[in-house]
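If you're matching positions, the sequence shown starts at 10 in my numbering and goes up one per residue.
Heads up, the thing below is written out as structure tokens.
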Amino acid sequence: MSYQVNEKGYYGDFGGAFIPEMLYPNVEELRSQYLEIMQEEDFQKEFRQLLKDYVGRPTPLYFAERFSQNYGAKIYLKREDLCHTGAHKVNNTVGQILMAKRLGKNRIIAETGAGQHGVATATVCALMGIECIVYMGEVDIKRQAPNVARMKMLGATVVPATSGSKTLKDATNEAIRDWINNPLDTHYIIGSVVGPHPYPDMVARFQSVISEEVKTQLKEKEGREAPDHVVACVGGGSNAAGIYYHYLDNAKVNIIAVEAAGEGILTGKSAATSALGREGIIHGSKTLLMQTDDGQITEPYSISAGLDYPGVGPMHANLFRTGRGEFISITDEDAMAAGLQLCKLEGIIPAIETAHALAIFDKRKFKKDEVVVVNLSGRGDKDLNTYIEHFNL
């Protein structure tokens with residue numbers, strides 16, 4: 010059984026393209042051409058060159074010695090925090106801006122939660138001289154002020170989403186409305202493995218450079234390409250899709266997905282989709298979704314702006330449904346403690362999203378000789394205010 014997308018755009022029961030008729034031409038244009046464009050020699054050459062010279066890839070696979078000693082396993086960190094812009098998001102925006110150019114689009118829209126995808130989109134638009142509009146929830150604009158400033162410095166227009174919970178879900182709604190109104194000249198750079206097909210697959214392919222590098226790097230360090238466990242935090246799930254990608258169909262590699270439990274799974278202030286979600290449709294794809302009995306979307310909550318999404322990408326919904334992925338939920342409190350611990354043991358300040366993935370080592374035991382690769386998806390600069398408030402620094 011394969012855990013990759015099938016030709017109809019589904020991962021098992023999840024995926025597809027549930028879109029308004031107005032968007033059909035845009036999505037169909039992309040679906041019919043994305044694989045062909047991505048496989049062109051010129052495209053690959055330009056994409057790889059930018060990843061190397063602009064993004065700074067390959068990112069290191071770092072053996073976290075003191076962290077490993079603390080937990081009695083061999084823990085490696087894939088340092089996506091060292092990418093230009095401070096997170097894995099730029100791998101995808103570089104790919105999508107090249108895609109947009111080949112499709113003849115001269116206006117880019119994006120949504121953002123933590124602001125990292127917004128910054129990464131604004132960055133590549135500045136690089137290519139293309140207009141950029143980023144939709145961001147009003148709540149997120151307040152808690153991620155440094156990233157808002159960065160986007161503006163890079164020439165992007167930041168538009169606040171003022172409906173609903175005023176977070177990522179609402180920003181995505183606004184971006185989709187924009188796209189419906191501007192179908193001809195606009196490309197929507199979705200930041201995660203969500204949305205209608207082909208977005209989940211296209212984003213996963215651009216992010217798969219992460220696991221591609223891990224295979225080579227682990228071979229050098231451990232004499233084998235595959236770890237025993239591969240760990241990532243999951244909101245929509247692009248950093249996770251990237252580090253799982255080349256291991257999806259390798260049954261010997263255990264896949265661990267870490268979600269945000271917020272103040273606790275059953276408190277009503279959580280974003281643990283695997284525990285709380287049921288099948289539903291959000292932003293153009295069928296997936297697991299937090300919702301009320303009558304199908305209204307439940308407001309998600311997490312201290313981390315990048316994980317408070319009420320659904321999960323269809324790839325991850327399928328990994329959960331089939332049992333291929335091991336899903337763990339981590340509270341705000343445990344994530345914050347794990348973030349601070351990495352600072353003190355390894356001299357690395359992680360994004361709060363990433364800190365959720367690091368928190369599992371207090372919850373789950375690993376064997377001494379097991380190799381565990383954690384995707385360190387982003388750095389904590391953007392979260393300093395949250396760290397300061399939480400720990401009274």
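We treat Cβ as the ideally placed atom computed from N, Cα and C, and that holds for glycine.
Since we're looking at a predicted model, the values are computed, not measured.
Span of the alpha helix (DSSP H) holding residue i?
| i | result |
| --- | --- |
| N384 | Premise fails: N384 lies in the beta strand (DSSP E), V380 to L385, not in any alpha helix (DSSP H). |
| V36 | Y33 to Q48 |
| F215 | Y208 to Q216 |
| Q13 | Premise fails: Q13 is in no alpha helix (DSSP H) and is neither H nor E. |
| V99 | K98 to R111 |
| T395 | L393 to F400 |
| F375 | Taken as a continuous stretch (DSSP letters only), F375 belongs to no alpha helix (DSSP H), as it is neither H nor E. |
| E183 | L177 to N190 |
| H325 | P323 to T331 |
| E362 | I361 to L367 |
| Y253 | S247 to Y253 |
Which residues mark the beginning and the end of the beta strand (DSSP E) in which residue i is found?
| i | result |
| --- | --- |
| S406 | Past the edges of the chain, shown from 10 to 402, lies residue 406, and the structure says nothing about it. |
| I264 | N263 to G271 |
| S338 | G334 to T340 |
| E234 | E234 -> no beta strand (DSSP E), and no H or E assigned at all. |
| L86 | K83 to R88 |
| L70 | L70 to F72 |
Looking at residue i: is its Cβ nearer than 9 Å to the Cβ of residue j?
| i | j | result |
| --- | --- | --- |
| T102 | G244 | no |
| G293 | A26 | yes |
| A366 | S386 | yes |
| A280 | Y318 | yes |
| H238 | Y19 | no |
| V383 | A241 | yes |
| M324 | A158 | no |
| A123 | V202 | no |
| G286 | L275 | no |
| P69 | T225 | no |
| A368 | A344 | yes |
| D149 | T176 | yes |
| N35 | T195 | yes |
| A131 | G164 | yes |
| I46 | L112 | yes |
| V381 | P209 | no |
| A347 | D378 | no |
| E120 | N248 | no |
| E288 | T296 | yes |
| I357 | R388 | yes |
| C92 | G127 | no |
| I118 | Y197 | yes |
| I185 | L32 | yes |
| F76 | L60 | no |
| D392 | S11 | no |
| A82 | K278 | no |
Would you list the residues sitting across from residue i in a DSSP beta bridge?
| i | result |
| --- | --- |
| E288 | L297 |
| I306 | Q300 |
| E120 | Y144 |
| H196 | I117 |
| R66 | R66 pairs with nothing; no bridge assigned. |
| P169 | M145 |
| F1 | Here the chain has residues from 10 to 402 only, and residue 1 is not among them. |
| R388 | P359 |
| A241 | A266 |
| G320 | L298 |
| A281 | Its beta-bridge partners do not exist; DSSP assigns none. |
With 9 Å as the threshold, decide whether the Cβ of residue i is near any Cβ in chain D.
| i | result |
| --- | --- |
| K376 | Of the protein chains in the structure, only one exists, and it is not chain D. |
Using a Cβ distance threshold of 8 Å, determine whether the region 297 to 315 contacts the region 219 to 231, with at least three qualifying pairs required. The region 297 to 315 vs the region 219 to 231: no contact.
With a cut-off of 8 Å, do at least 3 Cβ pairs link the region 176 to 193 to the region 154 to 161? Touching, no, given that fewer than three Cβ pairs across the two stretches are closer than 8 Å.
Which runs of the alpha helix (DSSP H), 4 residues or longer, sit entirely within the region 125 to 166? DSSP runs (the alpha helix (DSSP H)) wholly in the region 125 to 166: 125 to 137, 147 to 152 and 154 to 162.
Below 8 Å, how does it come out for the region 171 to 185 and the region 142 to 152: are there three or more Cβ pairs, yes or no? With a cut-off of 8 Å, the region 142 to 152 and the region 171 to 185 count as touching, because enough Cβ pairs lie within range.
State whether the region 87 to 98 contacts the region 325 to 336, with contact taken as three or more CB pairs (one from each stretch) at a distance under 8 Å. Too few Cβ pairs lie closer than 8 Å, so no.
Inspect the CB distances between the region 267 to 275 and the region 362 to 379 and report whether three or more fall short of 8 Å. Remark: three or more beta-carbon pairs, one from each stretch, lie closer than 8 Å, so the region 267 to 275 and the region 362 to 379 are flagged as touching.
Are there three or more Cβ pairs, one per stretch, closer than 8 Å when the region 108 to 122 is compared with the region 252 to 261? As far as the Cβ criterion goes, the region 108 to 122 does not touch the region 252 to 261, which means the pair count is below three.
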